[in-house]
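K.L.:
Numbering (this note's numbering), first residue to last: 325 to 477.
This is the structure I want to talk about, given as structure tokens.
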Amino acid sequence: TETGKNASFRIAKADKPHIIFEEPYLPLAKELACIMCGKKAAKQLDLLPPLKDTVTHRIIEMVDDIKSTLVERIKMSRCFSLQLDESVVDLANSLVYVQYEFEGTSHEDFLFCKPLPTRITGEHLFQLLNEFIEENGIDWIKCVGVVQTVLER
């Protein structure tokens, strides 16, 4: 809704977390609407979807859009290479970066992150990577290199 968008925008401009609106501001807005416009107007505020759901939905849409744009760029590229990293801060994650050519320029972007089990084999890493490549219709034949970064622990 327009009200939800405006609330999200104001909260983002104030550099506050998006859930701040639900408590105490929404109850306050309902009270003000009731005092100024009557109970019927205040009831209209109950029709607003929870802002946290709206913001979460928008974030998911943005992520999907960025992912599909990146995948399309990789598909249009003559070739690409992959770099596999591992993050062990808090939980183990596989981080994959892609280098590709787009509009005559070389680009490097973050491709995806997947959680890793405590014990991992090279085969399991390849399965994670292959699953992403195949799910997104990326042609392995265009892959000219895969590098795994080894971090000291």
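Quick reminder that beta carbons are idealized off the backbone N, C-alpha and C, glycines included.
Using a Cβ cut-off of 8 angstroms (strictly closer), state whether residue 330 contacts chain D.
P.N.:
The structure shown contains no chain D; it holds only a single protein chain.
K.L.:
So, does the stretch 418–429 touch the stretch 396–406, judging by three or more C-beta pairs under 8 angstroms?
P.N.:
yes
K.L.:
Can residue 452 and residue 466 be called in contact, C-beta distance under 8 angstroms?
P.N.:
no
K.L.:
By the 10 Å Cβ neighbour count, where 16 or more other Cβ atoms means buried, how is residue 390 classified, buried or exposed?
P.N.:
exposed
K.L.:
What is the rounded straight-line gap between the Cα of residue 371 and the Cα of residue 355?
P.N.:
If you draw a straight line from the Cα of residue 371 to the Cα of residue 355, it is about 15 angstroms long.
K.L.:
Where in the stretch 423–472 do unbroken runs of the alpha helix (DSSP H), each at least 4 residues long, occur, reported from the N-terminal end onward?
P.N.:
446–459
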